[in-house]
Amino acid sequence: MKILGIETSCDETAVCLLEASGDVTNATFAILGNALYSQVAIHKEYGGVFPAVAKREHAKNLVPLLGRALEDARLLVPFPTEMSVIEKTAGFLSELDNKKVELQTLLAREIGLFDELWKFLRQYQKPPIDMIAVTNGPGLEPALWVGVNFSKALAIAWNLPTYPINHLEGHVLSPLIEAHQLQKIAFPALSLIISGGHTELVLIKDWLDYEVIGQTKDDAVGEAFDKVARMLDLPYPGGPEISKLVDQYNKQNDELTQKNIKEKYAVNFPRPMIDSPDLDFSFSGLKTAVLYFIKGQNAPLSPELKAAIAREFQDAVIEVLVSKTQKALENYEIKNLILGGGVIANSAIRAAFEKMILASPHIHLIIPPISISTDNALMIAVAGYFNFLLGRKSRGDFTAIGHLSL
Ligand code: KG4
Ligand code: ZN
0 MKILGIETSC
10 DETAVCLLEA
20 SGDVTNATFA
30 ILGNALYSQV
40 AIHKEYGGVF
50 PAVAKREHAK
60 NLVPLLGRAL
70 EDARLLVPFP
80 TEMSVIEKTA
90 GFLSELDNKK
100 VELQTLLARE
110 IGLFDELWKF
120 LRQYQKPPID
130 MIAVTNGPGL
140 EPALWVGVNF
150 SKALAIAWNL
160 PTYPINHLEG
170 HVLSPLIEAH
180 QLQKIAFPAL
190 SLIISGGHTE
200 LVLIKDWLDY
210 EVIGQTKDDA
220 VGEAFDKVAR
230 MLDLPYPGGP
240 EISKLVDQYN
250 KQNDELTQKN
260 IKEKYAVNFP
270 RPMIDSPDLD
280 FSFSGLKTAV
290 LYFIKGQNAP
300 LSPELKAAIA
310 REFQDAVIEV
320 LVSKTQKALE
330 NYEIKNLILG
340 GGVIANSAIR
350 AAFEKMILAS
360 PHIHLIIPPI
370 SISTDNALMI
380 AVAGYFNFLL
390 GRKSRGDFTA
400 IGHLSL
């Protein structure tokens, strides 16, 4: 079946066409179209995501992205212009006219979106899509609403069933886009989700059956990366910048040189909650420790010190993440570990978990490819397919929920 995936929870506008087949034991996917517009360049000047701007950009970009995804999938077919065929399409277009007010009302708050969509719907034939999967939370509520209302409008216009999808479930299930990863799935599984908004350890008891067993008490990991990057005068989003800086530093300096630099400046940050008996996290103390350290220098940071700070910060994060995950694996007799969320794009974090799992060969490690670690529509379509396979009902009455939990 062909699934249209839509994601607008933060600052990425994404639309995809995914072909899915098979059942839960052998599901396979083929990417037919994958269009993504990152608003990063726009939000850069604010130093973070500005919700009203994100909303405006989603509304502006959804229709062009839909067109691109369908075009890539070779499913973008204009209505023919010859009179004989126009008569055949007249039925669809007059049915569409009857829905005009409903669509207009639905999209009343998304500036410009109705006009764009209306033009599109009258220009192109209904594509052979079987269902829509759209993120309805968690995320920035104004941003989520654009995708939610857009998907509802398409569902009405094209008579399609829609599955509202939890963004975190999308991250968890994203690796299953690769068939070989599905073969490793066994329950109970554990998922570590690390993104800009979340840091959660999730026990997966069975398909779509989740229990959050650990989470951050304050900042999310990605948020800490972004804030520390700002302290180091690195551009937004800071996660990839810190990661790049550390990788460069590691390449240019061997371990002994790095140890000397660390000692010279006394760069030592805490590993918050690493020894606490629970599975929760806290990153705000670590962030503050970096801030005070920088303030304590009373001088601009040398490139060498900047890199040493980034390295020590990243090391602290990694040690805490690995230690808590290890604890959860032991406590719950886990068979496989699934990593998800934008921060999983970090090469040192991936390597640390790969190393950790070497010592526990009975546990399978499942990580999404870097290309779909950060927000995208494919993960939403994959999750949509599993919702469909497992008998969840499609819905037309859902809302956007900023604080939706798993
Ligand atoms: O999952 P995601 O794309 O969006 C949310 O759902 O939040 O995650 C975005 C977060 C940002 O905080 C970004 O800085 C972080 O993921 N991130 C990284 C890396 N790439 C993205 N953090 C550390 N290292 C990276 N390579
Ligand atoms: Zn995300």
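By numbering that gives the first Met the number 0, the letter at position 360 of the sequence shown is numbered 359, and the numbering carries on one by one without gaps. The C-beta atom is built at its ideal place from N, Cα and C for all residues, glycine as well.
Should residue i and residue j be called a contact, given that it needs their Cβ atoms to be closer than 9 angstroms?
i	j	result
Ala380	Cys9	no
Tyr248	Ala309	yes
Val100	Ile337	no
Phe352	Val319	no
Tyr384	Ile2	yes
Ile176	Leu300	no
Ile400	Gly196	no
Glu115	Leu159	no
Leu106	Ala152	yes
Thr24	Leu181	yes
Phe397	Pro163	yes
Gly341	Ile193	yes
Ser190	Ala344	no
Pro367	Pro174	yes
Leu167	Gly339	yes
Leu64	Thr12	yes
Met76	Gln38	It should be noted that the sequence gives Val, not Met, for residue 76. It is not a contact, given that the beta carbons lie outside the stated cut-off.
Ala327	Ile203	no
Phe282	Asp217	yes
Val266	Leu139	no
Phe280	Lys250	no
Within 10 angstroms of the Cβ of residue i, are there 16 or more other Cβ atoms? Answer buried if so, exposed if not.
i	result
Gly395	exposed
Leu357	exposed
Lys226	buried
Ile110	exposed
Val220	buried
Glu6	buried
Glu94	exposed
Thr134	buried
Gly237	buried
Met272	buried
Tyr291	exposed
Ser372	buried
Tyr45	exposed
His179	exposed
What did DSSP end up calling residue i once you bin it into helix, strand or coil?
i	result
Asn297	coil
Gln124	coil
Tyr347	It should be noted that the sequence gives Ala, not Tyr, for residue 347. Three-state DSSP puts Ala347 in a helix.
Glu94	helix
Asp225	helix
Ala107	coil
Gly341	helix
Ser20	strand
Phe280	strand
Val76	coil
Gly395	coil
Gly136	strand
Ser173	helix
Ser370	helix
Ala288	helix
Ile184	coil
Ile400	coil
Met272	coil
Asp218	coil
Leu231	coil
Give the range of the alpha helix (DSSP H) segment to which residue i is assigned.
i	result
Ala265	Neither: Ala265 is in no alpha helix (DSSP H) and is coded neither H nor E.
Lys323	Pro302 to Asn330
Tyr384	Leu377 to Leu388
Pro163	Counting along the chain, Pro163 falls outside any alpha helix (DSSP H), though it belongs to the beta strand (DSSP E) covering Thr161 to Asn165.
Ser242	Gly237 to Gln251
Val62	Pro50 to Asp71
Ala152	Glu140 to Trp157
His179	Ala178 to Leu181
Just reading off the beta strand (DSSP E) that residue i is part of, what are its end residues?
i	result
Phe28	Thr27 to Ser37
Ile365	His363 to Ile365
Any heavy atom of the ligand SAH closer than 8 angstroms to the CB of residue i?
i	result
Thr24	Ligands present in the displayed structure are limited to the ligand KG4 and the ligand ZN, and the ligand SAH is not among them.
Pull up the DSSP beta-bridge partners for residue i, would you.
i	result
His197	Paired residue(s): none; His197 is not in a bridge.
Asp205	Asp208
Ile131	Leu3 and Thr161
Cys9	Answer is none; Cys9 lacks a bridge partner.
Ser190	Val201 and Ile337
Gly213	Leu200
Val14	Ile5 and Ala34
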